[in-house]
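Each residue of the sequence shown is one higher than the last, beginning at 16 in the working numbering. Backbone N, C-alpha and C define an ideal beta-carbon position, used for all residues, glycine too. A short worksheet on the structure shown next.
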Amino acid sequence: MSEKIKVRWYRCKVDRKVMSELMRKSDAKGLAQAIPSLLIYAITATLAILAFQNLNTNNWLWALPIVLLALFVHGTFARFHGGIAIHELSHKTPFASPWLNTLFTRTFAFIGLFDYVGFRASHIRHHQVTVHTEHDGEVVLPQGLDWHGIRFILKQLIIDPVRVANLIGFWFAAAAGRTNHDGFFTGEWLAKVTPESNESLRREHRNWARFVLFGHLTLATIFVLTGHWYLILILTFGCQYCGWFEALCGIPQHIGLAPNVNDFRLCCRSYTASPLVGFCYWNMQYHIEHHMFPAVPFYNLPKLREAIKDDLPPATHGLWATWKSMLPILKRQREDHTYFHVPEVPQIDGETVDDGMVLAEASQA
């Protein structure tokens with residue numbers, strides 16, 4: 016991308032020795048997140064398979080609700096295996112060993128039908144120029160959230176058929192080498208962050224799309240031919256439904272806050288939460304901290320917050336309190352599209368860093 020960008024971001028001061036320790040990567044800590052996440056996926060998938068295998072015409076009245084419950088539980092946890100897991104892995108921070116990062120990136124991305132190549136190209140840009148209107152196409156503020164009505168509830172609790180249809184179309188387009196199809200982002204934005212001039216990136220993107228498409232089509236064919244068609248629901252599309260929990264965790268990141276500012280404390284939102292939320296969400300509830308210091312691994316974000324908390328806005332605790340504080344903001348934005356919430360920030364002299372440094376840290380360049 017050739018356009019010139021100049022943003023000097025505010026940063027809280029952190030002792031150099033403390034920051035060096037916070038930036039330390041650990042294979043053990045990365046595995047302590049990745050392995051249990053995959054085990055949960057395997058367990059919930061197995062329970063859903065057993066529920067399907069137990070369903071027949073004689074017991075469907077009571078067995079079908081069990082099947083639906085099993086799919087609900089499986090989808091709820093599996094949704095974190097796509098964008099949430101890949102988000103942190105795309106920064107190359109979870110593991111000290113690069114091969115482990117690559118292995119788990121591709122594992123989670125294949126399971127989640129996720130475009131990790133395009134996402135990384137977009138996401139490091141998002142860090143560089145977070146919610147700057149002319150430059151960040153990943154998150155555009157104000158984010159419209161139509162949280163009234165049955166359609167929103169059904170899309171979050173069950174499935175968004177339009178999203179899934181776009182996803183399928185995206186993979187076919189990407190496998191053909193086209194990046195202008197709406198999918199995880201708008202086609203316009205994806206084409207911008209994966210320009211034709213970057214032939215190696217385009218090739219990597221196309222090859223990954225072909226691997227995902229061929230792999231899942233092969234598996235789906237095997238599932239149908241062997242009479243286990245329900246595995247398509249559980250394994251092929253297991254990460255594409257019941258996204259309510261992921262949405263509750265992830266929507267607060269930037270919504271309702273200010274675009275075009277040079278302070279992550281004003282355009283990102285942090286909250287603290289239970290260990291369950293922190294585990295499923297890979298600690299991204301510490302979102303100000305993550306944007307301010309993207310080279311810090313997710314498992315060190317609680318310590319980072321402790322180190323800089325005196326220079327951060329107060330954080331709500333838990334999803335209930337976080338959403339309770341957000342809803343009046345969203346309601347006001349529905350009535351006044353020019354409104355955005357401005358958190359109170361401490362008046363402490365910090366430091367500034369240019370966007371190029373943020374880009375380098377976010378990409379581990």
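Beyond the five residues adjoining it in sequence on each side, THR91 comes within less than 6 angstroms, by CB distance, of CYS257, PHE260 in the same chain, given in chain order. ASP175: not part of any beta strand (DSSP E); DSSP gives it neither H nor E. Three or more pairs of CB atoms, one per stretch, sit closer than 8 angstroms, so the region 281 to 297 contacts the region 94 to 105. Restricting attention to GLY265, HIS302, GLN255, LEU291, the CA atom closest to the CA of ASP278 is found in HIS302. For LYS324, the closest C-alpha among the options LEU345, LYS339, GLU36, GLN362 is that of GLN362. Fewer than three beta-carbon pairs drawn from the region 55 to 69 and the region 332 to 345 are found closer than 8 angstroms, and the two stretches are therefore not classed as touching. Remark: fewer than three beta-carbon pairs, one from each stretch, lie closer than 8 angstroms, so the region 108 to 119 and the region 140 to 156 are not flagged as touching. DSSP places HIS196 in the coil class of the three-state scheme, outside both helix and strand. In the three-state scheme derived from DSSP, where H, G and I count as helix and E and B as strand, ASP369 is classed as strand.
Pairing PHE200 with PRO274 gives a Cβ-Cβ distance that is not under 9 angstroms.
Of TRP186, THR108, TYR286, the smallest CA-CA separation from LEU37 is found for THR108. Nearest Cα to PRO358 within the set ALA310, CYS282, ALA43: CYS282.
At a Cβ-Cβ threshold of 9 angstroms, HIS332 and ALA262 do not count as neighbours. Note on geometry: alpha-carbon atoms of ASN195 and PHE187 lie some 12 angstroms from one another. When DSSP assignments are scanned along the region 56 to 111, the uninterrupted stretches of alpha helix (DSSP H) that are 4 or more residues long and fall wholly within it turn out to be 75 to 93, 98 to 104.
Under the DSSP assignment, TYR131 falls outside any beta strand (DSSP E), being part of the alpha helix (DSSP H) whose first and last residues are 131 to 143.
According to the DSSP assignment, ARG349 belongs to the alpha helix (DSSP H) that extends over 334 to 350. Beta-bridge annotation (DSSP): TRP24 is paired with VAL368. In the DSSP assignment, PHE226 falls within the unbroken alpha helix (DSSP H) covering 214 to 240. As a beta-bridge residue in DSSP terms, THR287 pairs with HIS332.
Contact annotation: ASP370 and ARG135 have beta-carbon atoms that are not nearer than 9 angstroms. Distance between ILE247 and GLY271, taken at the CA atoms: about 37 angstroms.
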